[in-house]
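Presented below is the structure to which this report refers.
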Amino acid sequence: MEGNGFTWNIMKEFKNYYCTSKDTLVSNELFSVYFNKNFSVAKTKIEKDEDMYRFYKSNNYTPHQTVQNTLTDKTYFISRNVMLYFKYKTIEPYFPLKNILDYGCGNGEFLKYVSKRGMNGIGVEKSNHSQRICEKKDLKVFPTIKDLINKRFDIISLWHVLEHVSNPSKTISALSSLLSNRGYFIIAVPNIQSIDSQIFKSEWAGLDVPRHIWHFTPQGLIDLFKKQGYVLIKKRPLILDAYYISLLSARRKKLIFPWLVSILIGTISNLIAIFSGNFSSSIFIFRRH
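Numbering (my numbering) for the sequence shown: 4 to 292.
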C-alpha cells in the first residue's frame with residue numbers, strides 16, 4: 004500500500020464509468036470505478052492526498068485476521084489452508100529455485116508454509132500488526148524493499164497485492180531489480196471480467212473499494228507486465244475464489260440464503276470460465292522475455 008498522489012494524476016486516462024461501490028468494511032463511503040479506453044484495466048477514483056491507511060483499520064479485514072469469529076471467517080481460513088497447498092504446488096515445478104520474496108506477505112502464512120518445505124522465504128509487509136505476527140513465527144519480514152537492496156530472488160510472489168498499490172508499473176520495476184535473471188513473478192489478482200463480477204456489479208466483493216485501487220482483466224495484467232519486458236508462461240485459475248467472493252457479495256446484497264447463492268453463482272462462474280478464461284481470480288506466472 005502506497006501514497007496515492009500518482010493515481011490521482013493518471014485518473015484522466017480512466018474515463019469510462021463502470022459503477023459506484025460502497026466501502027462496507029470501514030468508512031461506508033462511496034467510490035466510483037472507471038475503465039481505461041481499452042477496457043482492460045479499471046481504477047477506483049480516490050481523492051487527492053487521501054489517507055489510505057484509515058481504510059485498513061478494521062478487525063474484520065480478513066488478510067490480517069488471526070481469529071475466526073464467524074462461519075464466514077472459518078470458511079476463509081479453511082479456503083486459505085487449501086490455497087496454501089495449491090500455491091506451493093504452483094511454484095514446485097520451478098524447483099530447485101529456492102529463494103522467494105513474498106511482497107505484501109500479510110500474516111506470513113505462505114512464507115511459513117514454504118519455509119517448512121525447504122525454501123528460503125523473506126517477506127515485505129507494511130502493516131505493523133502483521134509484522135509483529137510474522138516475528139512471532141520467526142519469519143524474516145521487512146517493511147520495504149529498500150532493506151533488500153543487495154538480495155536476489157528466484158521467485159517474487161504477490162498474492163492479491165498488486166491491486167492495492169498506487170503505481171503497479173513502478174512497483175514491478177522496483178521488484179524487478181531484486182529478481183534473478185531466470186526468476187519468475189507469480190501474481191494473483193481478482194478478475195473484473197468474471198461472470199460473478201458481472202452478476203454482482205457494484206456489490207461484487209472483489210472490488211473492495213477503496214483498498215483495491217486497481218481492477219485488472221487478464222489481458223490488462225498481461226499488458227502491464229509486457230511493458231516491463233515480461234512474458235506470460237502460465238495461468239492457473241483459483242477455483243475457490245469464485246465461491247468465497249460470491250458469498251461475500253451475497254452478504255453485501257443481504258440476499259436470502261447467501262451460501263446457496265454463492266454455490267450457484269460460483270459454479271456458474273467457474274463453468275463459463277472454462278470456455279472464456281475469465282475465472283473470478285487467477286495466478287499468472289511471468290518471466291523475462
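The beta carbon of each residue, even a glycine, is placed where N, CA and C say it ideally should be.
Excluding residues up to 5 positions away in sequence, I189, R239, I286, I288 lie with their Cβ nearer than 8 Å to the Cβ of T93 in the same chain.
Around the C-beta of H215, 16 or more other C-beta atoms lie within 10 Å, and the residue is accordingly described as buried. In this structure, L210 is the residue among I271, N102, L210, I136 with its C-alpha nearest to the C-alpha of Y37.
Under the three-state reduction of DSSP output, W262 falls in the helix class.
Judged by their CB atoms, I159 and A177 are not nearer to each other than the 8 Å cut-off. By the beta-carbon neighbour count (other beta carbons within 10 angstroms, threshold 16), E166 is buried. Around the Cβ of P193, a 10 Å sphere holds 16 or more other Cβ atoms; the residue is buried. For D26, no alpha helix (DSSP H) encloses it, and the DSSP letter there is neither H nor E. The segment 175-260 is shown to contain whole alpha helix (DSSP H) runs of 4 or more residues at 198-203, 221-229, 242-255, in chain order.
According to the DSSP assignment, R57 belongs to no beta strand (DSSP E), since it is labelled neither H nor E. Taking a cut-off of 8 Å for Cβ pairs, the segment 53-63 and the segment 26-33 touch, as three or more such pairs fall below it.
The alpha-carbon separation between T47 and G280 amounts to approximately 24 Å. According to the DSSP assignment, V117 belongs to the alpha helix (DSSP H) that extends over 112-118. Residues of the same chain with a CB within less than 6 Å of the CB of A245, apart from the 5 flanking positions on each side, are D199, G269, S272, N273, S283 in chain order. In the DSSP assignment, N170 falls outside any alpha helix (DSSP H) and carries neither an H nor an E. For D150, the number of other beta carbons within 10 angstroms of its own is below 16, and it is reported as exposed. Taking K101 as the centre and dropping the five residues before and after it, the same chain places the C-beta of G121, M122, N123, D157 closer than 8 Å to its C-beta, in chain order.
Using a C-beta cut-off of 8 Å, the segment 220-239 makes no contact with the segment 258-268, since fewer than three inter-stretch Cβ pairs fall below that distance. The segment 130-137 makes no contact with the segment 178-187, as fewer than three CB pairs between them are under 8 Å. Within the DSSP bridge table, the entry for K143 names I125 as partners.
Check the Cα spacing between N19 and each of S30, V44, L243: the tightest is with V44. In the structure shown, the three-state DSSP call for S130 is coil. Between D105 and F113, the beta carbon gap of about 6 Å places them in contact (Cβ cut-off 8 Å). With contacts defined as CB atoms closer than 8 Å, G107 and L142 fail to qualify as a contacting pair.
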